[in-house]
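K.L.:
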Amino acid sequence: MGTSGVATAGMSITGSLTRAARAVAAMVEQVLAKEGLTLDQWLVLDALSGKGGLAMADLADRTLATAPTLTRVVDKLVTTAQAYREVDAADRRRVLVHLSARGRATHRRVAAKVSEVEAGLDVPDELLVALRGLGG
1 MGTSGVATAG MSITGSLTRA ARAVAAMVEQ VLAKEGLTLD QWLVLDALSG KGGLAMADLA
61 DRTLATAPTL TRVVDKLVTT AQAYREVDAA DRRRVLVHLS ARGRATHRRV AAKVSEVEAG
121 LDVPDELLVA LRGLGG
């Protein structure tokens with residue numbers, strides 16, 4: 001990926017990506033607010049969708065949330081019956097977080113709305129591939 005055009009435009013890649021991420025997050029947060037969810041809660045619901053359960057460390061890797069934030073988010077999702085915790089049968093020292101039936105229904109409903117926002121961005125496929133490659 002070349003950077004010569006970015007430097008002459010007066011904005012670094014970091015600045016451009018940060019502005020873009022914040023703009024997209026703001027659009028998605030408008031949808032989430034109507035559903036009573038925060039962006040962090042949505043990221044956890046989305047990470048848990050289609051999974052049998054994830055440990056907190058795995059959730060942190062997928063959501064990029066700090067441990068204290070993730071604990072608060074999961075606590076809230078458990079309180080609202082969107083998720084539940086269960087001791088890992090394979091390693092009793094680990095606790096896994098799972099989506100509840102209510103959480104799966106919420107995810108299905110909200111995912112469609114978030115997808116509409118994302119589709120409206122009209123981001124070229126090549127750019128999406130490049131962005132996903134940056135995330136590791």
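Counting with the UniProt record's numbering, you get residues 1 to 136 for the letters of the sequence shown. Ideal Cβ placement from N, Cα and C applies to all residues, glycine included. Computed from a prediction, not measured in an experiment: that's the story for all the values here.
#1: Does the stretch 54-67 come close enough to the stretch 116-130 that 3 or more CB-CB pairs lie under 8 Å?
#2: Leaving out five residues on either side along the sequence, give the residues of the same chain with a beta carbon under 7 Å from the beta carbon of Gly5.
#3: What's the C-alpha gap between Val31 and Val117?
#4: Rounding to the nearest angstrom, what Cα-Cα distance links Thr8 and Ala83 in this structure?
#5: For Val123, name the three-state secondary structure that DSSP assigns.
#6: Is it the case that the CB of Ala65 approaches a heavy atom of the ligand ATP more closely than 8 Å?
#7: Throw me the rounded Cβ distance for the Val73 and Gln41 pair, which I believe falls under 8 Å.
#8: Compare the C-alpha of Leu99 against each of Ala21, Pro68, Leu48 and name the closest.
#9: When the Cβ atoms of the stretch 101-113 are set against those of the stretch 15-24, are three or more pairs found closer than 8 Å?
#10: In the DSSP assignment, what residue or residues form a beta bridge with His107?
#11: Taking only three categories from DSSP, how would you classify Ala89?
#12: Pull the bridge partners of Val97 from the DSSP assignment, please.
P.N.:
On the basis of the supplied data:
#1: No, the stretch 116-130 does not touch the stretch 54-67.
#2: With a pLDDT of 48 at Gly5, under the threshold of 50, the modelled position of that residue is not reliable, and no figure is offered here.
#3: So the two alpha carbons sit approximately 8 Å from each other.
#4: Its pLDDT being 47, under 50, Thr8 is placed unreliably by the model, and the measurement read from it follows with that caveat. It is roughly 48 Å from the alpha-carbon of Thr8 to the alpha-carbon of Ala83.
#5: Looking at Val123 - three-state DSSP - the assignment turns out to be coil, as it is neither helix nor strand.
#6: Here there are no bound small molecules, and the ligand ATP is not part of this structure.
#7: About 5 Å separates the CB atoms of Val73 and Gln41; that is less than 8 Å, so the two are in contact.
#8: Cα-wise, what sits closest to Leu99 is Leu48.
#9: These segments do not touch.
#10: In the DSSP output, where bridge partners are listed per residue, His107 has none listed.
#11: Residue state, collapsed to three classes: coil.
#12: For Val97, which the question treats as bridged, DSSP gives the partners Leu54, Arg85.
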